[in-house]
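Enquirer: Under UniProt numbering, the residue at position 279 of the sequence shown is numbered 279, and the numbers go up by one with no gaps.
Idealized CB from N, CA, C, for every residue including glycine.
The structure displayed is predicted, hence computed values, not measured ones.
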Amino acid sequence: MHILHSTLGLNSNKTLTDVWFQYVLRNYKSPRFIITTFGVLLTSYIFFPSSLLAVSHKPSKRPDKYTCGFKNSGNDCFANSTLQSLSSLDTLYLYLAEMLSFQMPPGYTIYPLPLHTSLYHMLTLLREPIYFKKTLDVWEVLRILETIHRGKIGRNQHDAHELYVFIIQTLEDEYDRYFQDLKRSQLTSSIPTFPFFGVVTSSLRCIDCGGRGNLVKYPMLMVELNVGNQNDLNKMWRGSWNDIIEDYSCLGCVVKRIILNRDRLNLNGQQEKCYQLLKEKLTSGSLSINDDLIEDPVYTSIITSYPFLKSSSKVVKEIKYSKKPYIIPIHLSRSVYLDSQMWRNGASIIYPEAIEVEHVKYTLKSMIRHQGSHSAGHYECYRHKPAFYKVNGEYRIGKFKGSKKLSSASNKPYWRISDSHVSECTSDSVLNDGKAAYILVYEQEVDNTL
C-alpha cells in the first residue's frame with residue numbers, strides 16, 4: 001500500500017478514486033501509460049479471458065439462453081472448450097449411458113470405467129436445461145485422466161486437439177478392455193458401438209496400366225487436414241483423401257514391360273519361373289501393383305540386369321470409409337514450419353453446416369476456435385443447442401411426438417462459450433468465423449424421438 005500511495009501521490013485529504021482519476025487525466029496521452037494499459041488488458045484476456053466478458057445474468061424464462069460454463073483458473077480454456085464440444089454430441093451421450101447400464105453376462109470380468117463415469121456425469125450437467133448462469137470445474141474430469149494415466153496435466157498452455165484425441169483414445173481403451181472377454185467369446189451382438197470408431201480403406205490405381213493395389217484398412221478416430229492454399233473444407237478433404245503419386249514403381253507396368261521385351265531378355269531357370277508366375281497373376285487379374293517384391297532376390301536380379309524394365313508410373317491414391325463413425329471430428333492443422341520456426345496459418349476456412357460422407361449426412365454440432373499465435377492464445381467453443389420440446393409444462397431435450405419445439409433455438413441455434421461466459425449466436429456467426437476454426441465436429445443425424 002505504501003508503494004501505491006507514493007506512486008499516485010495519495011494524501012489524507014483525497015480518496016484513492018480521486019487521485020486515480022487525476023493520474024489518468026495527466027497521463028492518458030503518455031506512450032508509457034498507453035503501452036502499460038494495453039499490456040495489462042492483453043494479459044488479462046489471455047490468462048483470464050472470461051473476466052473481460054463477464055456481464056450480469058438475470059434468470060431467463062427460456063431454457064436455451066444459458067448453458068453451464070467452466071471457470072478458468074489460468075490456462076484451462078483448452079480443456080473447457082473440449083468438454084463443451086463433447087457435450088453437444090447426442091450419440092456420445094447415449095453411448096455413455098448404454099455403457100454404464102450394460103449388463104455383463106454372468107461369469108465375465110467387469111472392468112472399471114472411470115472416464116466413462118466421470119464424462120457422463122459432466123455431460124449430464126452440461127446438457128441439462130438451466131435458467132441462470134452456472135459454472136462448473138473442468139478439473140473434475142482432468143483429475144480422473146491424471147489418475148488413469150498416473151501423470152499430471154500441467155497448468156501451462158495446452159492444445160485442445162491433443163486433449164480431444166487423448167480423451168477419445170482413453171475412452172476407446174476402456175471400451176476395448178471392458179469387452180475383451182466377450183469379444184474372445186464372440187458374444188458381440190449386444191455390445192454398444194463406440195461412436196468415434198471408423199475404418200478407412202486405402203487403395204491404389206495406376207493411371208498407366210489400370211492395375212490396382214491391395215486394399216489397406218486402418219482405424220480412424222479423427223480426420224486430420226492441413227490448412228494450405230486451399231480453404232474450402234470439402235476440397236481440402238477430397239484433396240487429402242484422393243492424391244496423385246508421381247514416379248511410382250508400379251509392378252503391373254513392370255510385368256507388362258517384361259512381356260513386351262521377353263525376346264530381349266536372357267533369363268535363367270529361376271528368373272523364367274518368376275516371370276511365368278507374374279505373367280499368370282497379371283492375366284488372371286490377381287496381380288497387385290503394390291506387391292512388395294524388393295525382398296525377392298530373383299525378381300530383383302531381373303530388374304537389376306535390365307534397368308529399362310523399371311517403371312515410373314502415375315498412380316491415384318484413394319481413401320474411403322469402409323465403416324463410417326457416428327461422429328467425425330476434423331482437426332484443421334494450422335502449423336507451418338518456416339525459417340526454423342513454427343507459425344500459425346491464419347487462412348480463413350469455408351465449411352458448411354452439413355456434409356455428406358459417402359451418402360450419409362453429418363451435421364455440425366460444435367466448433368472449437370483458437371485466437372492467437374502458434375504457441376499461445378485462447379480457445380472458445382461454438383456449441384449447437386439441443387432441441388428443446390415442451391412436455392407437460394416443462395422443457396425437455398430430445399424429440400417428443402405431439403410436443404411443440406422451442407422456436408428461439410432455431411433463430412440462434414448456437415452458444416458461443418468462452419470459459420464461464422455464454423452468449424447466443426446465429427449460424428452465420430459460426431460459419432463466418434473461418435479464420436479461427438480449429439476443430440470441426442460433425443455427427444450423424446440420429447432419430448431419438450420419444
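Could you check what DSSP says for Tyr442 in three-state terms: helix, strand or coil?
Expert: In this structure, Tyr442 counts as strand in the three-state DSSP scheme.
Enquirer: So, Lys365 versus His384, is the Cβ gap smaller than 8 Å?
Expert: Yes; because the gap between Cβ atoms is below 8 Å, this pair is in contact.
Enquirer: On the CB-based measure, 16 or more other CB atoms within 10 Å of its CB, does Ala354 come out buried or exposed?
Expert: That one is exposed.
Enquirer: So for Val138, helix, strand or coil by DSSP?
Expert: In this structure, Val138 counts as coil in the three-state DSSP scheme.
Enquirer: Note down the Cα distance separating Thr135 from Tyr248, rounded to an integer number of angstroms.
Expert: Distance between the alpha carbons of Thr135 and Tyr248 is about 56 Å.
Enquirer: I need the DSSP call for Ala437, collapsed to helix, strand or coil.
Expert: In this structure, Ala437 counts as strand in the three-state DSSP scheme.
Enquirer: Near Ala160, what residues of its chain come up, given a Cβ to Cβ distance below 6 Å and the 5 sequence neighbours on each side ignored?
Expert: Only Phe78, Ser81, Thr82, Ile368 and Tyr379 meet the Cβ criterion.
Enquirer: DSSP on His121, reduced to helix/strand/coil?
Expert: In the structure shown, His121 sits in a helix (DSSP, three-state: H, G or I).
Enquirer: Name the DSSP bridge partner or partners of Gln341?
Expert: Per DSSP, Leu338.
Enquirer: For Asn156, write down the residues that DSSP places opposite it in a beta bridge.
Expert: DSSP, once it has assigned bridges, lists no residue as partnering Asn156.
Enquirer: Distance check for Gln270 and Arg177, CA to CA, integer angstroms please.
Expert: Near 50 Å, if we compare the C-alpha coordinates of Gln270 and Arg177.
Enquirer: Taking Cβ positions, are Leu225 and Trp237 nearer each other than 8 Å?
Expert: Cβ atoms of Leu225 and Trp237: closer than 8 Å.
Enquirer: CB Asn231 to CB Ile349, shorter than 8 Å?
Expert: Cβ atoms of Asn231 and Ile349: closer than 8 Å.
Enquirer: Answer yes if the segment 191-204 comes into contact with the segment 412-428, meaning at least three C-beta pairs across the two stretches below 8 Å, and no otherwise.
Expert: Result no; under three Cβ-Cβ pairs closer than 8 Å.
Enquirer: Excluding the 5 residues preceding and the 5 following Glu445 in the sequence, name in chain order all residues of the same chain whose CB lies nearer than 7 Å to its CB.
Expert: Counting only Cβ-Cβ distances below 7 Å, and skipping sequence neighbours, we find Lys361 and Thr363.
Enquirer: So the alpha helix (DSSP H) Leu89 belongs to, where does it begin and stop?
Expert: Run containing Leu89: none; DSSP gives neither H nor E here.
Enquirer: Can you tell me whether Pro386 is buried or exposed? The criterion is at least 16 other CB atoms within 10 Å of its CB, across all chains shown.
Expert: By the 10 Å Cβ count, Pro386 comes out buried.
Enquirer: For Glu128, does the three-state DSSP call read helix, strand or coil?
Expert: Three-state DSSP puts Glu128 in coil, outside helix and strand.
Enquirer: Return the CA-CA distance between Thr283 and Ile302, expressed in angstroms with no decimal places.
Expert: Approximately 20 Å, taken between the alpha carbons.
Enquirer: With a cut-off of 8 Å, do at least 3 Cβ pairs link the segment 64-74 to the segment 120-131?
Expert: Result yes; three or more Cβ-Cβ pairs closer than 8 Å.
Enquirer: Can Met99 and His116 be called in contact, C-beta distance under 8 Å?
Expert: Yes, the pair counts as a contact, with Cβ atoms nearer than the cut-off.
Enquirer: Less than 8 Å separating the beta-carbons of Leu96 and Tyr131?
Expert: For Leu96 and Tyr131, no; Cβs fall outside 8 Å.
Enquirer: Where DSSP assigns a beta bridge to Met367, which residues make up the other side?
Expert: DSSP, once it has assigned bridges, lists Tyr382 and Leu440 as partnering Met367.
Enquirer: Select from Phe166, Ser335 and Met220 the residue whose C-alpha is nearest the C-alpha of His324.
Expert: A small fix is needed here, since residue 324 is Lys in this sequence, not His. Of the candidates Phe166, Ser335 and Met220, the one whose C-alpha sits nearest the C-alpha of Lys324 is Met220.
Enquirer: Measure the Cβ-Cβ separation of Asn290 and Asn214 and say whether it is below 8 Å.
Expert: Going by C-beta atoms, Asn290 is nearer than 8 Å to Asn214.
Enquirer: Does the segment 303-313 touch the segment 168-185, meaning 3 or more C-beta pairs lie closer than 8 Å?
Expert: Because the criterion of three Cβ pairs below 8 Å is not met, the segment 168-185 and the segment 303-313 do not touch.
Enquirer: For Asn226, which residues does DSSP report across the bridge?
Expert: Looking at the DSSP assignment, Asn226 forms a beta bridge with Ser333.
Enquirer: Between the Cα of Lys256 and the Cα atoms of Cys209, Val336 and Gly285, which residue gives the shortest distance?
Expert: Closest by alpha carbon: Cys209.
Enquirer: What first and last residue would you give for the beta strand (DSSP E) that runs through Cys253?
Expert: Here Cys253 belongs to no beta strand (DSSP E); instead the alpha helix (DSSP H) covers Leu251 to Leu260.
Enquirer: Quick one: what's Ala354 bridged to in DSSP?
Expert: In the DSSP output, where bridge partners are listed per residue, Ala354 has Thr363.
Enquirer: Indicate, with yes or no, if the ligand HEM has a heavy atom lying under 7 Å from the CB of Pro59.
Expert: The model depicted lacks the ligand HEM and carries no ligand whatsoever.
Enquirer: Looking only at its own chain, which residues have a Cβ that is under 6 Å from the Cβ of Arg334, when we skip the five neighbours before and after it?
Expert: Excluding sequence neighbours, Arg334 sits near Val227, Arg344 and Asn345.
Enquirer: Can you name the start and end residues of the alpha helix (DSSP H) that Thr300 belongs to?
Expert: That run of the alpha helix (DSSP H) goes Pro297 to Ser305.
Enquirer: With a Cβ-Cβ cutoff of 8 Å, do Ser85 and Cys381 count as a contact?
Expert: Going by C-beta atoms, Ser85 is nearer than 8 Å to Cys381.
Enquirer: Note down, in chain order, each residue of its chain lying with its Cβ closer than 8 Å to the Cβ of Thr91, except the 5 sequence neighbours on either side.
Expert: Same-chain partners within the cutoff: Pro195, Tyr326, Ile327, Glu443, Gln444 and Val446.
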